[in-house]
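Report on one structure; see the data block that follows.
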Amino acid sequence: MSNNLSLPLDQLLEQVNTEGVPYSLKMGDKQTMPNIIGLGSLSHAECNQISFLSNPRMFNLLMETKAGAVILPQAGIEKLPESVPFVVIVCEDPYLLYARISHYFDDSRIDLVPKVIHPTAVIDESADIADGVAIGPYVVIEEGVKIGTGSVIGAHSVIAKNCVIGKDTKLYPHVTLYR
Numbered sequence: 002m003s004n005n006l007s008l009p010l011d012q013l014l015e016q017v018n019t020e021g022v023p024y025s026l027k028m029g030d031k032q033t034m035p036n037i038i039g040l041g042s043l044s045h046a047e048c049n050q051i052s053f054l055s056n057p058r059m060f061n062l063l064m065e066t067k068a069g070a071v072i073l074p075q076a077g078i079e080k081l082p083e084s085v086p087f088v089v090i091v092c093e094d095p096y097l098l099y100a101r102i103s104h105y106f107d108d109s110r111i112d113l114v115p116k117v118i119h120p121t122a123v124i125d126e127s128a129d130i131a132d133g134v135a136i137g138p139y140v141v142i143e144e145g146v147k148i149g150t151g152s153v154i155g156a157h158s159v160i161a162k163n164c165v166i167g168k169d170t171k172l173y174p175h176v177t178l179y180r
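Position one of the sequence shown corresponds to residue 2 (the working numbering), numbered consecutively onward.
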């Protein structure tokens, strides 16, 4: 997963919803905080991505990963050599923290959608579309619909007659709304 965002790992983690998921960072003396643009599996992650290990049977992949940071349980760091090429994020539930980070990147990516109406969208002439709305490919908007400023309507969505969508609402692809 990749997008146009790039944040130092510590700043990224400050923006992620980590409520109920305490973590700590472990860095080597000569390591720098990696800039992170997304997530990747242990076997495919790059130096600007985060990965995780929750299954001890995958430890061999951990030693070969190119990830910039890896989320590990406390028990996992005890098995690590003294020096590793990635920053370790210690967390008792690596999968949950990874999921929270994934959610952050999904929300961030939808905010990057251009605020335009795709030419394949079908919009009834009575619909009230505010400024700064992004409407994706093959969206159908029926009569009487109102969409507030800054909203994003994902591809292949259908907004049925007289629905009202508030300001800054995000609808992911293939959503159908009706009254």
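Glycine included, each C-beta is placed from N, C-alpha and C at the ideal position.
If you're wondering where the values come from, they're calculated on a predicted model, not measured in any experiment.
Considering Cα atoms alone, identify which of the options is closest to residue i.
i, options, result
"residue 38", "50, 164 and 30", "50"
"residue 13", "138, 118 and 104", "104"
"residue 22", "67, 97 and 163", "97"
"residue 159", "140, 148 and 133", "140"
"residue 147", "178, 86 and 121", "178"
"residue 69", "61, 83 and 52", "52"
"residue 8", "116, 28, 25 and 40", "40"
"residue 1", "54, 36, 48 and 166", "The first residue shown for the chain is 2 and the last is 180, placing residue 1 beyond what the model contains."
"residue 121", "87, 130, 156 and 89", "156"
Would you kindly report the start and end of the unbroken beta strand (DSSP E) that includes residue i?
i, result
"residue 53", "50–53"
"residue 26", "24–27"
"residue 72", "70–73"
Over what stretch of residues does the alpha helix (DSSP H) that includes residue i continue unbroken?
i, result
"residue 14", "10–16"
"residue 61", "60–63"
Could you compute how far the alpha carbon of residue i sits from the alpha carbon of residue j?
i, j, result
"residue 59", "residue 46", "14 Å"
"residue 144", "residue 20", "42 Å"
"residue 124", "residue 171", "18 Å"
"residue 93", "residue 33", "24 Å"
"residue 161", "residue 77", "51 Å"
"residue 72", "residue 168", "36 Å"
"residue 63", "residue 91", "14 Å"
Would you list the residues sitting across from residue i in a DSSP beta bridge?
i, result
"residue 37", "8"
"residue 85", "For residue 85, which the question treats as bridged, DSSP gives no partner whatsoever."
Would the C-beta of residue i count as close to the ligand FMN, meaning under 7 Å from any of its heavy atoms?
i, result
"residue 163", "With respect to the ligand FMN, the structure offers nothing, as it holds no ligand at all."
- Task: List in chain order: all unbroken alpha helix (DSSP H) runs of 4+ residues lying wholly within the stretch 90–178.
- Result: 95–112
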